[in-house]
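A.B. asks: In UniProt numbering, the protein residues as written are 1 to 1029.
(1) Residue 899 bridges to which residues according to DSSP?
(2) Starting from the C-beta of residue 998, find all residues in its chain whose C-beta is less than 6 angstroms away, skip the five residues before and the five after it, and write them out in chain order.
(3) In the structure shown, what three-state DSSP assignment does residue 957 receive?
(4) For residue 384, is the classification buried or exposed, using 16 other Cβ atoms within 10 angstroms of its Cβ as the cut-off for buried?
(5) Does the Cβ of residue 68 have 16 or more other Cβ atoms within 10 Å, making it buried, or fewer, making it exposed?
(6) With distances taken between CB atoms, is the gap from residue 706 to residue 799 smaller than 8 angstroms?
(7) I need the DSSP call for residue 529, collapsed to helix, strand or coil.
(8) Which same chain residues end up closer than 6 angstroms to residue 323 when comparing Cβ atoms and leaving out the 5 residues on each side of it in sequence?
(9) In terms of alpha-carbon separation, which member of 313, 298 and 659 lies closest to residue 373?
(10) Comparing alpha-carbon positions, which option in 608, 942 and 641 lies nearest residue 461?
(11) Please classify residue 332 as buried or exposed, where buried requires at least 16 neighbouring CB atoms within 10 angstroms.
(12) Rounded to whole angstroms, what is the Cα-Cα separation between residue 917 and residue 893?
(13) Just tell me which of 762, 756 and 712 has its CA closest to the CA of residue 783.
(14) Pop quiz: residue 533 and residue 655 are said to be a contact at Cβ under 8 angstroms. What is the actual Cβ separation, rounded to whole angstroms?
(15) Would residue 228 and residue 300 qualify as a contact pair, given that the criterion is a beta-carbon distance under 8 angstroms?
(16) Look at the alpha carbon of residue 367 and the alpha carbon of residue 267, and state the distance between them as a whole number of angstroms.
(17) Leaving out the 5 sequence neighbours to the left and right, which residues in its chain are closer than 7 angstroms to residue 931 when beta-carbon positions are compared?
(18) Rounding to the nearest angstrom, what Cα-Cα distance links residue 193 and residue 206 in this structure?
(19) Is it buried or exposed, residue 317, if we count other Cβ atoms within 10 angstroms and call 16 or more buried?
(20) How many angstroms separate the CA atom of residue 376 from the CA atom of residue 94?
(21) Any idea if residue 70 is buried or exposed, counting beta-carbon neighbours within 10 angstroms, 16 or more meaning buried?
(22) Do you know whose CA, among 651, 387 and 406, lies nearest residue 337's CA?
(23) Between 980, 319, 536 and 311, which lies nearest to residue 736 when the distance is taken from Cα to Cα?
(24) Could you give the first and the last residue of the continuous alpha helix (DSSP H) run that contains residue 486?
(25) Among 778, 795, 262 and 741, whose alpha-carbon lies nearest the alpha-carbon of residue 759?
(26) Quick one: what's got a C-beta closer than 8 angstroms to residue 478's C-beta in the same chain, skipping five residues either side?
(27) Can you have a look at residue 224 and say buried or exposed, based on whether 16 or more other CB atoms are within 10 angstroms of its CB?
(28) In angstroms with no decimal places, state the Cα-to-Cα distance between residue 279 and residue 235.
(29) Return the chain-ordered list of same chain residues with a C-beta closer than 7 angstroms to the C-beta of residue 210, the five sequence neighbours on each side being excluded.
(30) Along the chain, where does the alpha helix (DSSP H) that runs through residue 783 open and close?
(31) In the structure shown, what three-state DSSP assignment does residue 317 receive?
(32) What residue ranges within the segment 319 to 394 form continuous alpha helix (DSSP H) runs of no fewer than 4 residues, ordered along the chain?
(33) Applying the 10 Å Cβ sphere with the 16-neighbour rule, what's the burial state of residue 349?
(34) How long is the line joining the alpha carbons of residue 767 and residue 680, rounded to whole angstroms?
(35) Residue 898 and residue 975 - do their beta-carbons sit closer together than 8 angstroms?
(36) Our contact map puts residue 667 next to residue 708 with C-beta atoms below 8 angstroms; I'd like the distance itself, whole angstroms only.
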């Protein structure tokens, strides 16, 4: 039998074939297949008929229910409209009720106010009546001796007076109340003293209630403080008693065999006993004064320290002097030394300040214990207490900068820089090495002294005197570097660079001559080695100073961080009470404001702002996050010791100058007489054959110089080995040695060229010898991997060529004619021989006149003559033929006749000639090949003018075109320059544009001429100064 489930046919994805196969699988095997399929078909048809009948029946029922549903929907809509209208009427009724209620409430409020005022008036009348009654019966209360009742009566009278206010009828009562309160206070005091002295808790609390009732608790505080300050003062005075007893014992024993009691050994005991006493009082007050104990006990300590302040300062001062025999013998201390009461021979020593720091550390330990004891008190109370504890040291902290400066000066005076005993001739190298060794050893010693000063500042002031510390360190470093500078000056005498026995006007030759007699070759090399060691002094000073400055910046950053975290810097403008209110809820362990420096600076706003200014310089800018502070303090742009940084750089320059002078002194000595050697003017023997060029050997002076230069790498090797430590160090050492070798070689070359300029006359034989000397020096320079200066190459080519072969040599591989002529025109003394060469060369080389370059110049000169010949008759043709720059001078001369004032054009002409002459002359003095070489000048406009050719062309062309425009627009003599310029501006836009453009280029060129003249003149002055040395 087939069961038909309608849900299977309604499922999504129904498959008829799968359903039929499933039904066939479920049939009984004995049932025939045809019968089973017929039954299945019959069941499916019956199920379909049942479904169709049900659907038809349900559809009919639904159609019958639709009209009923429509009528129900209409009825609900009508009900909703009616309900809305009803709600609107209810809301309107509520609004009306609300208005009337508000009016009722307002009326009731007015009635209540009247009632309150009437009750207040009634109460006031009662108080007035009671006040009159109390004023009459108060005497009876006092007579009875009932102090609590008297206090209550007085409190009631005060309340009645406050209620009545200022009424003339009760003025006498107010005065009577004050008298009675004072009387009651006097009656309470004896009982209060007895109760406090005997620690009667109940009696103290009763009396406390009486005083609080009459608002006289201040008298209790004063009495309590007065009673408990006495035991602490007695503890303090025990020191004097023990000292006197110690002196008596010493006198009995007859001598100084027994040392007296020292303040530094007694002070910890005083602090311990004081702390124990305060702890006992804290515990007792916790019961007796459960509300006021947090301020009562700290007040005792504050009053005690206030009364002991002057005595405390005196004892600390004497205690600091006891550590040094000189001050102990006169019972004086730091303050006496600083004030100048002692002889000048008595100096402030490190022991004095260390003793002060030791006492301060004892006080700091006591302060931390007190801070822990008073941890439940308000921050303002703890701050005032700690200020009182540290107050005796404020006198010393205020003079910290003076103390530190005096100590560092005394310790620096103990550093022996010079050290070595002046030695005689032949031992200057030993003296130099010993002095350099002492200088190098003094640098770490000085840095240790500075680091100790920083530690002392932190230990004593907590960083609050960091600004004074920086100033003191800077001043001391300046003094130390000045001492090093003085040592360098003495080393110049030791090295033979300067002499006290010779006057400055005696000349370099005399000094070098004397030194050459007194100093041996071995001693010279010893001096060179000693001088090279001075470089290690400069390097050590620079590196150690940089490291110390970085450490100082980190210390300042740490101090600034502490201030930033405590919020101290932002609270400078607030009152102490406001700061206390803000921090009252903080636990004491987290109150960074209780730092030693912050405690001190809270009462010193000017000092605080000065310190914070220094700390902000470390920051470079204001940071929102304090954590960024230490990182930014490492910025190399900030110098914690700015003056020291400058002086260290100046010292390094001075050392380099000294070392260079020592290294070049031997070269200067050997070359000092080269220009006056007789061989330059010697003549060959008559009748003899001319000597070949290879027969001339280098002279002793140049071989000595060459050997010295070639030995320099060996001399620099030990110093370079001290620098190299790794691969980077090897490169640095190589660079260091190469730099100094090049520097000395360049100096030697410059000195040799200067001597060559001093040769007045030279023969062929002298030229042959000079060529050999120059060739030897060139070979030495090549061996040192140095480029040979063009000057030496040209000089060698000229002097090595005989006169009769000069022209032939030029046609081959000789020097360029332009180079020879330029050299002849620039050289002041050697120019005679070169000029002869040049003239003879031109005479024997007629074809040279037919060079293309010469022909073009001839053509420009010819058309220039034609231009000026027609300048008055045909200005346009003049402007076209105006070609060479030399004509600018003639054109300016013409313009000076056309325009008024003509002096303007003459000044421009003089400026043009003068500036270019100075530039050419300075280029010659500095050994430059072209006057357009301005790489080493410091002015950017001059570098732009000569370095960027289009800019220079624009300026030059603008000048020429401007002058031509002025020439073309000049119509008559004595024309006003300004009127012509205004007339040009009225021309066509193109002419105006050209005129304005050329005017700008002309102005830039005149400014460039002025700058060029100034820099060239400065170069000449520098050259003359160097030559005079």
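Glycine included, C-beta positions come from ideal geometry on N, C-alpha and C.
C.D. replies: In terms of the structure at hand:
(1) The residue given as residue 899 occupies position 899 in the chain shown. BP columns for residue 899 point to 975.
(2) Reading the chain shown from its first residue, position 998 is the one you call residue 998. Cβ neighbours of residue 998 beyond the five flanking positions: 958, 961 and 962.
(3) Position 957 of the chain shown holds residue 957. Note: residue 957 maps to helix in three-state DSSP.
(4) Here residue 384 is taken as the residue at index 384 of the chain shown, counted from 1. It is buried - the Cβ of residue 384 has at least 16 other Cβ atoms within 10 Å.
(5) Sequence index remark: in the chain shown, residue 68 carries index 68 (1-based). Residue 68 comes out exposed.
(6) Residue mapping note: residue 706 aligns to position 706 of the chain shown, counting from 1. Residue mapping note: residue 799 aligns to position 799 of the chain shown, counting from 1. With respect to residue 799, residue 706 sits apart: the two C-beta atoms are not nearer than 8 angstroms.
(7) Translated into the one-based positions of the chain shown, residue 529 becomes position 529. Looking at residue 529 - three-state DSSP - the assignment turns out to be helix.
(8) Position 323 of the chain shown, counted from the start, is the residue given in the question as residue 323. Apart from the 5 residues on each side of it in sequence, residue 323 sits with its Cβ closer than 6 angstroms to the Cβ of 351 and 355 in its chain, given in chain order.
(9) Taking the first residue of the chain shown as 1, we reach residue 373 at position 373. Among 313, 298 and 659, the Cα nearest to that of residue 373 belongs to 298.
(10) Position 461 of the chain shown, counting from 1, holds the residue named residue 461. Of the candidates 608, 942 and 641, the one whose C-alpha sits nearest the C-alpha of residue 461 is 608.
(11) For this step, residue 332 is matched to residue 332 along the chain shown. Answer is buried; the Cβ neighbour count reaches 16.
(12) As a first step, residue 917 must be located in the chain shown, where it is residue number 917. As a first step, residue 893 must be located in the chain shown, where it is residue number 893. Going from the Cα of residue 917 to the Cα of residue 893 covers about 19 angstroms.
(13) In the chain shown, counting from the first residue as 1, residue 783 sits at position 783. Taking only the C-alpha atoms, the option nearest residue 783 is 712.
(14) Working through the chain shown from its first residue, we reach residue 533 at position 533. Working through the chain shown from its first residue, we reach residue 655 at position 655. With 8 angstroms as the limit, residue 533 and residue 655 do not qualify as a contact, their Cβ atoms being about 11 angstroms apart.
(15) Walking along the chain shown from the start, residue 228 turns up at place 228. Walking along the chain shown from the start, residue 300 turns up at place 300. When the beta-carbon positions are compared, residue 228 and residue 300 come within less than 8 angstroms of each other.
(16) Here residue 367 corresponds to residue number 367 of the chain shown, with the count starting at 1. Here residue 267 corresponds to residue number 267 of the chain shown, with the count starting at 1. Roughly 13 angstroms between the two C-alpha positions.
(17) Your numbering for residue 931 matches position 931 in the chain shown. A distance below 7 angstroms between beta-carbons, with the five flanking residues on each side excluded, links residue 931 to the following residues of its chain, in chain order: 919, 920 and 923.
(18) Position 193 of the chain shown, counted from the first residue, corresponds to residue 193. Position 206 of the chain shown, counted from the first residue, corresponds to residue 206. Those two C-alpha atoms are separated by around 13 angstroms.
(19) Taking the first residue of the chain shown as position 1, residue 317 is located at position 317. Buried: at least 16 other Cβ atoms inside 10 Å.
(20) What you label residue 376 is simply residue 376 of the chain shown in a count that begins at 1. What you label residue 94 is simply residue 94 of the chain shown in a count that begins at 1. Between residue 376 and residue 94, the alpha-carbon positions lie close to 59 angstroms from each other.
(21) Stepping through the chain shown from its first residue, residue 70 is reached at position 70. Classification for residue 70: exposed.
(22) Position 337 of the chain shown, counted from the start, is the residue given in the question as residue 337. Residue 406 is the option with its Cα nearest to residue 337.
(23) Along the chain shown, one-based indexing puts residue 736 at 736. That would be 536, whose Cα lies nearest to the Cα of residue 736.
(24) Along the chain shown, one-based indexing puts residue 486 at 486. Here the alpha helix (DSSP H) through residue 486 covers 466 to 494.
(25) Within the chain shown, residue 759 is the residue found at index 759, counting from 1. Of all alpha-carbon atoms in 778, 795, 262 and 741, the one lying nearest the alpha-carbon of residue 759 is that of 795.
(26) Within the chain shown, numbered from 1, the residue matching residue 478 stands at position 478. Closer than 8 angstroms at Cβ, skipping near neighbours: 643, 644 and 647.
(27) The residue labelled residue 224 in the question sits at position 224 within the chain shown. Taking a 10 Å sphere around the C-beta of residue 224, we find 16 or more other C-beta atoms and assign the residue as buried.
(28) To locate residue 279, count along the chain shown from 1; it is residue 279. To locate residue 235, count along the chain shown from 1; it is residue 235. Rounded to whole angstroms, residue 279 and residue 235 show a C-alpha spacing of 16 angstroms.
(29) The sequence position of residue 210 within the chain shown is 210, counting from 1. Exclusion of the five residues before and after residue 210 leaves 147, 148, 151 and 188 as the residues of its chain whose Cβ lies within less than 7 angstroms of its Cβ.
(30) For the purposes of this step, residue 783 is taken as residue 783 along the chain shown, with counting starting at 1. Counting along the chain, the alpha helix (DSSP H) containing residue 783 begins and ends at 764 to 783.
(31) Residue mapping note: residue 317 aligns to position 317 of the chain shown, counting from 1. Looking at residue 317 - three-state DSSP - the assignment turns out to be helix.
(32) Segments of the alpha helix (DSSP H) lying fully in the segment 319 to 394: 325 to 328, 334 to 339, 350 to 373 and 379 to 390.
(33) Here the question's residue 349 lines up with position 349 in the chain shown. With 16 or more Cβ atoms within 10 Å of its Cβ, residue 349 is classed as buried.
(34) As a first step, residue 767 must be located in the chain shown, where it is residue number 767. As a first step, residue 680 must be located in the chain shown, where it is residue number 680. Those two C-alpha atoms are separated by around 7 angstroms.
(35) Indexing the chain shown from 1 puts residue 975 at position 975. Indexing the chain shown from 1 puts residue 898 at position 898. Yes, the pair counts as a contact, with Cβ atoms nearer than the cut-off.
(36) Sequence index remark: in the chain shown, residue 667 carries index 667 (1-based). Sequence index remark: in the chain shown, residue 708 carries index 708 (1-based). About 7 angstroms; that satisfies the 8 angstroms criterion.
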